[in-house]
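Undergrad: One line per chain: the protein sequences are R and E, in this order.
Using the numbering used here, read the first sequence as starting at 178 and increasing by one per residue.
Using the numbering used here, read the second sequence as starting at 720 and increasing by one per residue.
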Amino acid sequence: MFSAGELVGTTHTCIGQEAGAVGVISHLEPDRDTVFSNHRCHGHYVAFTDDVEGLIAEVTGRETGVCSGRGGSQHLCNGNFYSNGIQGSIVPLATGIALAEKEKRTGAVSTVFIGDGTLGQGALYECLNMASLWQLPLLVVVENNHYAQSTPSEIAVAGSITSRASAFGIANAEIETTDVEAIHAGAGTAIERVRSTGEPFFLVLDTYRFAPHSKGDDTRDEAEIEAKRAFDPLTMIADRIDAGERQAIEAAAAQRVAEAREAALAAPIAGQVSA
Amino acid sequence: MRAERCVQALNGALHDSFEKRGDVYLIGEDLLDPYGGAFKVSQGLSDRWPDRVISTPISEASLFGIASGMALRGLRPVVEIMFGDFIALGLDQVVNGISKFREMYDDQVTLPLVIRTPMGGRRGYGPTHSQSIEKLLMGVPNIRMVATSEYHDVRALLSAAIDDDEPVFFIENKLMYGRPNRRPDGGYIDQLSVRETPGPYPALTLSGNDFDEASATIVTYGGMLPIAVEAMTELILEHEVFCELVVLSQLLPMDLDPVIESVGRTGALITAEEGTLTAGIGSEIAARVSEAAWGRLRAPVHRVAAPDSIIPAAPSLEEIMLPGADEIHAAVLALESARV
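(1) Threshold first: 3 residues or longer. Then list the beta strand (DSSP E) segments lying entirely within the stretch 1009-1033 of chain E, N to C.
(2) Near residue 794 of chain E, which residues of its chain fall below 7 Å by C-beta distance, leaving aside the five closest residues on each side in sequence?
(3) Could you tell me the distance, in whole angstroms, from the CA atom of residue 457 of chain R to the CA atom of residue 271 of chain R?
(4) Go through its chain and collect everything with a Cβ distance to residue 218 of chain R's Cβ below 7 Å, but skip five positions before and after it.
(5) To the nearest angstrom, how far is the alpha carbon of residue 867 of chain E from that of residue 940 of chain E?
(6) Give a yes or no on whether 8 Å exceeds the smallest Cβ distance from residue 274 of chain R to chain E.
(7) For residue 397 of chain R, which residues from the same chain have a beta carbon less than 6 Å from its beta carbon, with the 5 sequence-adjacent residues on both sides left out?
(8) Could you tell me the alpha carbon to alpha carbon distance between residue 947 of chain E and residue 789 of chain E, rounded to whole angstroms?
(9) What are the residues in the stretch 226-253 of chain R lying within 9 Å of chain E by C-beta distance?
(10) Exposed or buried, which one is residue 786 of chain E when buried takes at least 16 other CB atoms within 10 Å?
(11) I want to know whether the stretch 852-861 of chain E touches the stretch 892-910 of chain E - three or more CB-CB distances under 8 Å.
(12) Nearest to residue 257 of chain R by alpha carbon, out of E/1003, E/804, E/827?
(13) Can you have a look at residue 369 of chain R and say buried or exposed, based on whether 16 or more other CB atoms are within 10 angstroms of its CB?
(14) Run down chain R in chain order and give the residues with a C-beta less than 8 Å from the C-beta of residue 815 of chain E.
(15) Which value, in whole angstroms, describes the spacing of the CA atoms of residue 273 of chain R and residue 262 of chain R?
(16) In three-state terms, what does DSSP make of residue 259 of chain R?
(17) Is it the case that the stretch 231-240 of chain R contacts the stretch 300-320 of chain R, given that we only count it when at least three CB pairs across the two stretches are under 8 Å?
(18) Leaving out five residues on either side along the sequence, give the residues of the same chain with a beta carbon under 6 Å from the beta carbon of residue 752 of chain E.
(19) Is it buried or exposed for residue 920 of chain E, if we count other Cβ within 10 angstroms and need 16 for buried?
(20) So, helix, strand or coil for residue 951 of chain E, using DSSP?
(21) Have a look at E/923, E/836, E/880, E/892 and flag the residue whose alpha-carbon is nearest the alpha-carbon of residue 871 of chain E.
(22) In chain R, which residues lie less than 7 Å from residue 811 of chain E when you measure between Cβ atoms?
(23) Please go through the same chain and pick out, in chain order, the residues whose beta-carbon is closer than 6 Å to the beta-carbon of residue 379 of chain R, but skip the five residues on each side of it.
(24) Buried or exposed: residue 421 of chain R, going by 16 or more other Cβ atoms within 10 Å of its Cβ?
(25) Excluding sequence positions up to five away, which residues of its chain have a Cβ less than 7 Å from the Cβ of residue 887 of chain E?
(26) Please list the partners that residue 278 of chain R has in chain E, where partner means a Cβ-to-Cβ separation under 8 Å.
(27) Among E/762, E/981, E/805, E/896, whose alpha-carbon lies nearest the alpha-carbon of residue 931 of chain E?
(28) Using CA atoms only, rank isn't needed, just tell me which of E/1042, E/1050, E/782, E/803 is closest to residue 945 of chain E.
(29) I'd like the ranges of any beta strand (DSSP E) spanning at least 3 consecutive residues and lying wholly in the stretch 196-238 of chain R.
(30) If you run the structure through DSSP and keep just helix, strand and coil, what is residue 452 of chain R?
(31) Which residues in the same chain have their Cβ closer than 6 Å to the Cβ of residue 1058 of chain E, if we skip the five residues on either side of it in sequence?
(32) I need the boundaries of the beta strand (DSSP E) containing residue 291 of chain R, first residue and last residue.
(33) Whose C-alpha, out of E/998, E/757, E/768, is nearest the C-alpha of residue 735 of chain E?
(34) Taking the alpha-carbon positions, what's the residue 838 of chain E to residue 809 of chain E distance?
(35) Closer than 8 Å between beta carbons: that is the criterion. Which residues of the stretch 825-844 of chain E meet it against chain R?
Quick look at the structure:
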């Protein structure tokens, strides 16, 4: 849709990273728990809200978008889901949400999705400190796709990622696979721990994106990308499903997206509603 | 009855709000009793409400965001930033979060939070603990900024900010804390008659001759009030020159109706602020009043402000740098001498 000129502005796809969104968010309760996501938020959004239609209308700049076209691709809000386009700043927001939910005694888990690039932001460490001091029900999910835009993590991230959490006394785990079932199991343990103890957890997911950072800005070695195809979470799970069932699922998904696209493109352009 | 000091009025507003509503929280550094905040505005709160006063590490960049997250989830956090200079650490959250969420999320959320902080020098604290940098917020849409002066109802102003559903930046002043919170008595403070606009964040207009003919309007806010009153009083006593003084409390969104009304009577305007001149509060006031009342001005709007430099630590140097009553005084006399 982007190359067809149907999307407005820019977009950051999560192609290759779908398993993180599904594996983590399927444990959350959308009526109680909250998610704060980042610029690469579409997968998280759909997994949490199931609102394909509102998302597509939003990124095509339509009045029917979930934020009526005001937010666009990386500034979504729907119920207990929020996203914003500034890397470091979403962690304090999720920390404040965790504090509020703890004070209100709702039992909610506040989840924030960050990436390896966010590890460069100081606000993250301020919040790890406070979340640990105050024992907040905060789940920090680091989706490590090994690149901050064009910058490989080798020249941007020093030391161990999980040790960052350990230094603040925060329980942590790293899941070194893109297998959605393994992520689902690991995330389930993490979320259950946050919910039962009220304490923060720091979960690192080892992932990879197949698409460029945003539009067409990819400088990575094509051979590297091809080698990672063997770990495409969609292929991995597809191989475990009956072929007929897989086709039915894919056809249903394709049809739903096609209908959502059609509805969005037929909807009024944001701000141009006739009286 | 002896007027309470401004710090007591602010403290009283916090106690009132904590009593009245269970969703108000105070968050910031060094808040716990017996210390009660660096300027003692927060005294007695943590003893009475230990669960709702959250004393934090030195993490201003995150505090703005934490308060924002709390407000998104239905609480009413009041953030105490110890020195106004430190708002610079939280500006990302202001520019890219607090000011944006309601509108960019299509009015699905509100951000009822208050960020309180003292600005102002004249205490010898030097370049990073003396500034008046509220002007950095002037270009940020969708926030409210309120500066209290010692002639405003300080307690009511802060209470209104806490009850407000919009994010409010509440600007206090270090020297003001210890001064009495003066209020009009029978329409007067000392010999100055006072008019006050309605609403939660009023503007005051003061006159030394009951709004009879006056030479100029001076507009100011916050900690500059006593300096402007000093200049206004000297001009009357030494030169029999009368001015009107407008004291704003709401700086954002800017409503200059009382200023334009006063300029309609006086024909000239001087802005007075303690912050530096360039792109200051006075710059915006000058532009707006020139647009709205060009035909009523007999001279260009004159801005009294600090020069574009640092605030030196030595009291002797600080006194030279910060604008004083003499500069307002001189600006009014210059207007008078230009009048043929």
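Positions of the beta carbon are idealized from the N, C-alpha and C atoms, including for glycine.
TA: Reading off the structure:
(1) Runs of the beta strand (DSSP E) inside the stretch 1009-1033 of chain E: 1021-1025.
(2) The beta carbon of residue 794 of chain E sits closer than 7 Å to the beta carbons of 742, 744 from its chain, once the five residues preceding and following it are set aside; these are given in chain order.
(3) What is shown of chain R runs 178 to 452, which leaves residue 457 of chain R out entirely.
(4) Hits under 7 Å: 251, 253, 260.
(5) Answer to the nearest angstrom: the Cα atoms are 7 Å apart.
(6) Proximity of residue 274 of chain R to chain E, defined by a Cβ-Cβ separation below 8 Å, is satisfied.
(7) Cβ within range, chain order: n/a, list empty.
(8) Going from the Cα of residue 947 of chain E to the Cα of residue 789 of chain E covers about 39 Å.
(9) Look at the stretch 226-253 of chain R: the residues with a C-beta under 9 Å from a C-beta of chain E are 242, 243, 244, 245, 246, 247, 248, 249, 252, 253.
(10) Taking all protein chains in view, the Cβ of residue 786 of chain E is crowded by 16 or more other Cβ atoms within 10 Å, so the residue is classified as buried.
(11) Taking 8 Å as the limit for Cβ pairs, the verdict is that the stretch 892-910 of chain E does not touch the stretch 852-861 of chain E.
(12) Here the closest residue by C-alpha is E/827.
(13) That one is exposed.
(14) Residues of chain R passing the Cβ test: 261, 262, 263, 266.
(15) Cα atoms of residue 273 of chain R and residue 262 of chain R: separation of roughly 18 Å, rounded to the nearest angstrom.
(16) It is a strand residue.
(17) Counting Cβ pairs under 8 Å, fewer than three are found: no touch.
(18) Within the same chain, residue 752 of chain E has close Cβ partners 765, 766.
(19) Buried, because 16 or more other Cβ atoms sit within 10 Å of the Cβ of residue 920 of chain E.
(20) Residue state, collapsed to three classes: helix.
(21) Comparing Cα positions, the closest option is E/923.
(22) Near residue 811 of chain E (Cβ distances below 7 Å), the residues of chain R are 263, 266.
(23) Spatial neighbours of residue 379 of chain R in its own chain (CB-CB distance under 6 Å, excluding positions within 5 residues in sequence) are listed in chain order as 317, 342, 347, 349.
(24) With fewer than 16 Cβ atoms within 10 Å of its Cβ, residue 421 of chain R is classed as exposed.
(25) Excluding five sequence positions before and after residue 887 of chain E, the CB atoms of its chain that fall closer than 7 Å to its own CB belong to 833, 863, 865, 880, given in chain order.
(26) Simply 792.
(27) Of E/762, E/981, E/805, E/896, the residue nearest in Cα terms is E/981.
(28) Out of E/1042, E/1050, E/782, E/803, E/1042 has the C-alpha closest to the C-alpha of residue 945 of chain E.
(29) Listed in chain order, the complete beta strand (DSSP E) runs (minimum 3 residues) inside the stretch 196-238 of chain R are 211-214.
(30) Residue placement at residue 452 of chain R cannot be trusted, given a pLDDT of 49 that sits under 50; the coordinates are not used to answer.
(31) If we look at residue 1058 of chain E and ignore the five residues flanking it on each side, it has no Cβ neighbours.
(32) Membership of residue 291 of chain R in the beta strand (DSSP E) is indicated by the continuous run 287-292.
(33) Nearest Cα to residue 735 of chain E within the set E/998, E/757, E/768: E/768.
(34) Straight-line spacing of the CA atoms in residue 838 of chain E and residue 809 of chain E works out to 15 Å.
(35) Taking 8 Å as the Cβ-Cβ cut-off, the stretch 825-844 of chain E approaches chain R at 825, 827, 828, given in chain order.
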